[in-house]
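In the numbering used here, the protein residues as written are 1 to 981. For reference, the structure is listed below as structure tokens.
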């Protein structure tokens, strides 16, 4: 059969611009001319078949249908070896990303982001996902070492869209939909269950703490103190001392009011809308792409909104046959209404997520008439809030988090300019010289207001203003030499790069509001703080890379980079980073070249070293001082941080071995990789003795080493592939083992909360009291006895079922208790299309690992003065001989019952339907009469379903396994369309 093939062009990004792989227009009776697939690499592009590094490409079509605000959400599940936290539900927030484990401990483990060939340090929320053509995840040293000291934690290359030669295209898309909560709340007892439980704790506590007390006397004590002494509020229509009789709620009791739900006034139905207009095209010499977009997401929590405007212009022009230039300019404005101070998500009184979860079910957020119990309204007809004066000590007495959330303000405004430019001169057929410059500027303005009616700022009121100006300038020059000698192919790259970062900070804090409804600083009378400073960071680099292949079968690659960082002292400021890689493309051998079964087979390996200097301090080698303190009538000065003049780079040495394969014309394809990543010279914040007289009690030092090792597997396949029906499946899986291998300077261990860092263990291994269970005889909470106390006798040490246990926290054994690191994590997905319909879905999963569920621990208190309780508390010990794992309610033992221990560890296993979409594309012939080239409608969702070990648990919220009282992730469901002209 004779086929006529149209001319097609495929564009690929290369060092700030696009290169073109052309398929010849010809007639053939055999097969199409092969197109060499090109992928983005550090400072350029390379044929995929000659890569020796680990480079995962994610194309725009894989996330184009998703209602995401942040490109970080598209990374989740996209590649093996990449772990992504779920992020918060705060609109515009970004998830955290780890590539191949824990890069460091006290300094950043985040990957480096590179946008259109230039390092990018701004917020990912400033990037419009619809402007992105692809991103590439670089994981091993062969792929990342050319970025040197910035690449220890992997690199994510982001390539934005460009125009294409040919017909101009105008595209418009919009979507709108629902935003709600994706993680259900923990089950908690209601008011009728709550009063008897607290009564029981008081009764049991009296029996324990006052020997000789009769049961009748203890009952009477509990009844008389339940309201007046502890809970302060009785929402039933019976006398306080008759509310609970012998542990049972008075059957005559009727509720005075029922508006007891604190989460209902905090939450709302959120809304998301997105509009995108872009125009692209080009001539033989110039291509262009322009876009504008608007995104508005109203969160499901009151006063949590995000708004973004973006405008982008990008152009590439072949000015001369030997000279090509290009530029892009991206302007972004974002507005965020933050529901709570993100730096204080666990603060006792300002955190609405904490208090709406832990508020006892007997308190109303609203005020009621003491006689009629009806709601009270202010002069404007709004419900009045309860000030909390009649609440227990654990129920935020004197506060109302709903009212404070409504009255307080936390507004952030960000303005970005992201600019790129390049020029490329082709000296001859082998030699090309290019230069790239990137200038990014971000101005962050944050305004917070504390009302003067209730809360921390009352009665004066307060206002804070923060202005941050960040500027980055990157300038590099590249010389690239490519030469082919028969079957020998060689490429040589030589480059220089200068990077400059400046951070300017200005903050003002005043109290004493004069005029209502004005939160500008001029309206406040007392200055409490007014600091400002400027930080500067510079890095100078030179680098080189050589790639060689013979007939695209035998592959070699080597690179080296010299970095100098202003974060270190002159004599340790410079360091070299390098890599070597090799590969054997077995498919290119004669014995496989004509195989119809094996379409790709490549073995590859690499070893190299990269570095990390990404600390939150620019002056680790210098003593710092805090100014602005008064010493009587004279200005004062205090020590800030002590210096270590010898501190230098963390080094990251990585070995990578992999195999890439494809079968049946790549209908089945995948890869298997093993990596061993060794970090040496770990930068720790080492505690400083109090006697040193330094208020910040740590010093940065290189004190340790650790490794991350793992296996990564990815597999994809076209199950069915014909003209009308296509069905594909994909899956990836990763393992990770992390271990500290060295601590120096006399440091044997570092205990931090629920973790202990020591040689032979992971930084995410738990170090906790060892929970044994509940004594069936009396319901006491029991712990294993510390090893050094074995053989001793005491009233608080006993033997239960042959095991030595204690009720005394100070005698409990501490030991390692599992890890937060999962045994296996990854994703799987499917894509189905039938004629004009298409359906896709992706699940993420995690097997193994433990979460320390502090939220559940608070709800399982054996005694509470007004705090909420889990329904699991109903299974508590009540009768001698009863077998249960929940101790008796008791005011005398609740401290030990609820102390940090292995009791609160829960499996982190989960499976989540992260995203799904359904779309219909109209036939181009049917819409051509309307001047349309394509029209597509779709419905799409994010965070649609999840299954965890416990209702309310969110195991993916952090890498270290800790649970916090935070804005849980949003479920988003949108409907929209895309039309092209």
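Every residue, glycine too, gets a C-beta built ideally from N, C-alpha and C.
Check: Between the CA atoms of residue 564 and residue 496 - distance to the nearest angstrom; Outcome: 12 Å
Check: The stretch 866–886 / the stretch 843–851 touching (three or more Cβ pairs under 8 Å); Outcome: no
Check: Beta-carbon contacts of residue 218 that lie in its chain and below 6 Å, excluding the five residues immediately before and after; Outcome: 203, 206 and 207
Check: Residue 690, DSSP secondary structure in three states; Outcome: helix
Check: Distance, residue 680 Cα to residue 622 Cα; Outcome: 22 Å
Check: Euclidean distance between Cα positions of residue 711 and residue 270; Outcome: 40 Å
Check: Classification of residue 571 by the beta-carbon crowding that lies within 10 angstroms, buried from 16 upward; Outcome: exposed
Check: Whole-angstrom distance between residue 599 and residue 659, CA atom to CA atom; Outcome: 13 Å
Check: Other residues of its chain near residue 651: CB distance less than 6 Å, five sequence neighbours each side excluded; Outcome: 609, 611, 680 and 681
Check: Reduced DSSP secondary structure (H/G/I, E/B, other) of residue 435; Outcome: strand
Check: Host beta strand (DSSP E) of residue 71 (start-end); Outcome: Note, residue 71: premise wrong, no beta strand (DSSP E); alpha helix (DSSP H) at 71–75.
Check: Where residue 578 falls, given that 16 or more other Cβ within 10 Å makes a residue buried; Outcome: buried
Check: Through-space distance from residue 131 to residue 30, alpha-carbon basis; Outcome: The pLDDT assigned to residue 30 is 39, lower than 50, so where the model puts this residue is not dependable; a value taken from the coordinates is nonetheless given after this. Roughly 38 Å between the two C-alpha positions.
Check: Closer than 7 Å: residue 159 CB and nearest the ligand FAD heavy atom; Outcome: Ligands displayed in this structure: none; no statement on the ligand FAD is therefore possible.
Check: Three or more C-beta pairs below 8 Å linking the stretch 393–409 and the stretch 898–907; Outcome: no
Check: Whole-number beta carbon distance between residue 967 and residue 183, since they are thought to touch under 8 Å; Outcome: Rounded, the Cβ-Cβ distance is 10 Å, inconsistent with contact.
Check: Beta-carbon gap between residue 991 and residue 283 smaller than 8 Å; Outcome: Because the chain is modelled from 1 through 981, residue 991 falls outside the range shown and cannot be assessed.
Check: Proximity winner among 736, 112 and 194, relative to residue 864 (alpha-carbon distances); Outcome: 194
Check: N- and C-terminal bounds of the alpha helix (DSSP H) containing residue 352; Outcome: 352–358
Check: Spatial distance of residue 626 from residue 802 (CA atoms); Outcome: 58 Å
Check: Chain-order list of residues whose beta-carbon lies under 7 Å from that of residue 97 (same chain, five-residue window excluded); Outcome: 72, 75, 82, 84, 110 and 111
Check: Sequence-distant residues of its chain with Cβ nearer than 6 Å to residue 334 (five each side left out); Outcome: 308 and 414
Check: Three-pair Cβ contact test at 8 Å for the stretch 922–941 versus the stretch 952–968; Outcome: no
Check: Contacts around residue 386, its chain only, beta-carbon distance under 8 Å, and the 5 residues preceding and following it disregarded; Outcome: 363, 364, 365, 366, 367, 368 and 400
Check: Pair within 8 Å by beta-carbon distance, residue 236 and residue 254; Outcome: yes
Check: Opposing strand residues paired with residue 464 [DSSP bridges]; Outcome: 448 and 509
Check: Helix, strand or coil at residue 924 [DSSP, three-state]; Outcome: helix
Check: Run of the beta strand (DSSP E) containing residue 309, from where it starts to where it stops; Outcome: 305–320
Check: Residue environment, residue 343, which counts as buried when at least 16 other CB atoms sit within 10 Å; Outcome: Because the pLDDT of residue 343 is 39, which lies under 50, any placement of that residue in the model is unreliable, and the question is left without a value.
Check: Residue 914 - partner residues in DSSP beta bridges; Outcome: None, per the DSSP bridge assignment.
Check: Among 501, 190 and 99, nearest to residue 262 - alpha-carbon criterion; Outcome: 190
Check: Whole-Å CB distance - residue 672 paired with residue 828, under 8 Å assumed; Outcome: Actually they do not touch by this definition, with Cβ atoms about 16 Å apart.
Check: Residue from 918, 503 and 520 with nearest C-alpha to residue 535; Outcome: 503
Check: Residue closest to residue 785, alpha-carbon to alpha-carbon, out of 770, 764, 775 and 678; Outcome: 770
Check: Contacts around residue 28, its chain only, beta-carbon distance under 6 Å, and the 5 residues preceding and following it disregarded; Outcome: With a pLDDT of 38 at residue 28, under the threshold of 50, the modelled position of this residue cannot be trusted; read the value that follows with caution. So no residue of the chain qualifies.
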